[in-house]
Amino acid sequence: MAESVVQLPGALVAPPPLTLYIHIPWCVRKCPYCDFNSHAQRGALPEAAYVEALSRDLESALPMIWGRSIEAVFFGGGTPSLFSPEGIDAILTRVRTLTRLNPLAEITLEANPGTFERERFQGYRAAGVNRLSLGIQSFNDEHLHALGRIHSAAEAIRAAETALALFDSVNLDLMYALPGQTLEQAEADLKQALALAPPHLSAYHLTLEPNTAFAVQPPVLPDEEAAADMQERIEARLLEAGYRHYETSAFAQPGRHCRHNLNYWLFGDYLGIGAGAHAKLSLHDKILRQARVRHPQDYLRKAGSPDVISEERTLRRHELPFEFMMNALRLTEGFDSCLFQERTGLSLSRIEPELAAAEARGLIERTPAHIRPTLAGQRFLNELLQLFLP
């Protein structure tokens, strides 16, 4: 007999917070390390058609989020800053018209320093964007070239300075363990980032992902020991500078974390619209994961119809502990114990053997009220998560 899906009535006191993810799939050039659903722009950008498709997609999804407040919006890509401020404004106007968007919602837009113009950034702010996330990756021209980035170090600094002058909240993305990078060069990147004093920094370890140009022709990367030294040095420097290391790759000044991403790690709900966008939604009788069709042309044609959904599955009860832990244990400060039942409908006692095993191995620390990964649990996160596999 098939296992029943999680029954929410009486199990969840209330649905979790809801955010909205909007995917813009185009970029100027596909970076060799990127495994996101992004497509190099060829010819004129079909901005108006895509804005209309997003509107149809959002409208068709309304029954799944009816009456719920949207607490944050995140434009990801691709390169959302390829869209004009007028296009972003049209999308946000439609979001405000169709949904209960919290007037104080955090609205983030990812931007590429290579598409930077001051007037463009001002236009995004006027449209309602209140947080900018800049894909810097490095302040070293040699490393930027190796990564296939279209901007220079000087352009990155100018874009960051302008963003910080215009927006109250800014994130800078950095990468380390780059081709040919030394520990001193990784520190120099971080020093330049800290000199700009952004409220939020992300530091990602470069990994070779399948189906990327780097996977086909791998560059020479620093060895594991050198990469670990870079990670430890980055984390120590950021701690000294007053940043809170709140997620595996995310660092923020006090109170300046990314609300959309934090909701994601805490197993909150998010609706994803746009080509290849993913969603996780708690309905009255089930928790769903969805994905939209990936190719922009397919999306333009199918948005608003049931065919826009390329994948949909209902999470089974035995999957929920791993699904929850896969997200929440990325948070360095962990989570309140009561959140497990609030977000899954399952009693925490259901995973007591797994928690005991993780604690015995020194991978988590827990009290009756809180569970958090230890430093070893953060370093060996995959090993920790394997304990919760169904």
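Per our numbering, residue 946 is the first one in the sequence shown, and the count goes up by one each step.
We put the beta carbon where it would ideally sit given N, CA and C, even for glycine.
Would you say residue i and residue j are within 9 Å of each other, going by their C-beta atoms?
i: alanine 1148; j: glutamine 1176; result: yes
i: leucine 1216; j: alanine 1006; result: yes
i: histidine 984; j: cysteine 976; result: no
i: phenylalanine 1084; j: histidine 1145; result: no
i: arginine 1275; j: alanine 1017; result: no
i: proline 961; j: arginine 1288; result: yes
i: proline 1008; j: leucine 1054; result: no
i: histidine 1315; j: phenylalanine 1280; result: yes
i: alanine 998; j: tyrosine 1188; result: no
i: isoleucine 1081; j: glycine 1021; result: no
i: phenylalanine 1269; j: phenylalanine 1325; result: no
i: arginine 1258; j: arginine 1234; result: yes
i: serine 1282; j: leucine 1293; result: yes
i: alanine 1236; j: isoleucine 1254; result: yes
i: isoleucine 1102; j: glycine 1023; result: no
Where does the unbroken alpha helix (DSSP H) through residue i begin, and where does it stop?
i: alanine 1040; result: It should be pointed out that residue 1040 corresponds to valine in this sequence rather than to alanine. Where valine 1040 is concerned, the enclosing alpha helix (DSSP H) stretches over 1030 to 1043.
i: arginine 1324; result: 1320 to 1324
i: arginine 1178; result: 1169 to 1185
i: glutamine 1286; result: 1283 to 1289
i: leucine 1111; result: 1098 to 1111
i: alanine 1131; result: 1128 to 1141
i: glutamate 1004; result: 992 to 1010
i: arginine 1246; result: 1241 to 1247
i: valine 1161; result: 1158 to 1161
i: alanine 1303; result: 1297 to 1305
i: histidine 1265; result: Per the sequence shown, the amino acid found at residue 1265 is leucine instead of histidine. Residues 1265 to 1273.
Evaluate residue i with the Cβ neighbour count: other Cβ atoms within 10 Å of its Cβ, from every protein chain shown; 16 or more gives buried, anything less gives exposed.
i: arginine 1076; result: buried
i: glutamate 1064; result: exposed
i: asparagine 1327; result: exposed
i: alanine 1220; result: buried
i: glutamine 1126; result: buried
i: glutamine 1137; result: buried
i: glycine 1012; result: exposed
i: leucine 1260; result: buried
i: alanine 947; result: Confidence at alanine 947 is low in this model, with a pLDDT of 42, below 50, so its placement is unreliable and no value can be given for it.
i: glutamate 1100; result: buried
i: glutamine 1192; result: Just to set this straight, residue 1192 is glutamate in the shown sequence, not glutamine. When all chains shown are included, glutamate 1192 counts as buried.
i: asparagine 1057; result: buried
i: glutamine 952; result: Bear in mind that a pLDDT of 45 at glutamine 952, under 50, signals an unreliable position, so the model cannot answer this.
i: serine 949; result: Confidence at serine 949 is low in this model, with a pLDDT of 43, below 50, so its placement is unreliable and no value can be given for it.
i: glycine 1096; result: In the sequence under discussion, the amino acid at residue 1096 is histidine, which differs from the glycine named in the question. So histidine 1096 counts as buried.
i: glutamine 1323; result: buried
i: glycine 955; result: With a pLDDT of only 40 at glycine 955, under 50, the local geometry of the prediction cannot be trusted, and the value read off the model is given with reservation. Glycine 955 is exposed by the Cβ-count criterion.
i: histidine 1202; result: buried
i: serine 1114; result: buried
i: proline 1155; result: exposed
i: leucine 1334; result: exposed
i: alanine 1305; result: exposed
Going by DSSP, which residues form a beta bridge with residue i?
i: asparagine 1327; result: Beta-bridge pairing links asparagine 1327 to no other residue.
i: leucine 963; result: Ile1015, Asp1214
i: methionine 1120; result: Tyr1149
i: phenylalanine 1020; result: Ile967, Leu1054
i: cysteine 903; result: Outside the shown range of the chain (946 to 1335) lies residue 903, about which nothing can therefore be said.
i: histidine 1090; result: Paired residues: none, contrary to the question.
i: phenylalanine 1280; result: Ile1316
i: glutamate 1310; result: Arg1317
i: valine 1115; result: Leu1077
i: leucine 1046; result: Ile1015
Going by alpha carbons, who is nearest to residue i out of the options?
i: leucine 1329; options: His1315, Pro1313, Ala1301; result: Ala1301
i: leucine 1089; options: Leu1276, Glu1310, Tyr978, Pro1025; result: Tyr978
i: aspartate 1086; options: Thr1152, Lys1225, Gln1130; result: Gln1130
i: arginine 974; options: Tyr995, Val1018, Leu1141, Leu1027; result: Leu1027
i: leucine 963; options: Glu1004, Thr1193, Lys1225; result: Lys1225
i: alanine 1186; options: Phe1159, Leu1141, Pro1335; result: Leu1141
i: valine 1074; options: Arg1094, Leu1111, Glu1106, Ile1081; result: Leu1111
i: leucine 1166; options: Pro991, Leu1092, Asn982; result: Leu1092
i: serine 1250; options: Ala989, Phe1019, Leu1003, Ile969; result: Leu1003
i: arginine 987; options: Gln1242, Arg1262, Arg1094, Glu1278; result: Gln1242
i: aspartate 1214; options: Leu957, Val958, Leu965; result: Leu965
i: glutamate 1264; options: Asp1252, Arg1237, Lys1231; result: Lys1231
i: leucine 1128; options: Arg1094, Glu1169, Ala1160, Ile1218; result: Glu1169
i: glutamate 1062; options: Gln1286, Ser1029, Thr1042, Arg1045; result: Ser1029
i: threonine 1060; options: Ile1033, Ile1036, Ala1104, Leu1183; result: Ala1104
On the DSSP letters alone, give me the boundaries of the beta strand (DSSP E) that residue i sits inside.
i: arginine 1258; result: 1254 to 1259
i: isoleucine 1232; result: 1232 to 1237
i: arginine 1070; result: It is not in any beta strand (DSSP E) - arginine 1070 instead sits in the alpha helix (DSSP H) that spans 1063 to 1072.
i: phenylalanine 1196; result: 1195 to 1197
i: histidine 1190; result: 1189 to 1192
i: serine 1078; result: 1076 to 1082
i: alanine 1224; result: 1223 to 1227
Is residue i near the ligand FAD, going by C-beta to nearest heavy atom under 8 Å?
i: leucine 1330; result: Of the ligands one can find in the structure shown there are none, so the ligand FAD has no counterpart to examine.
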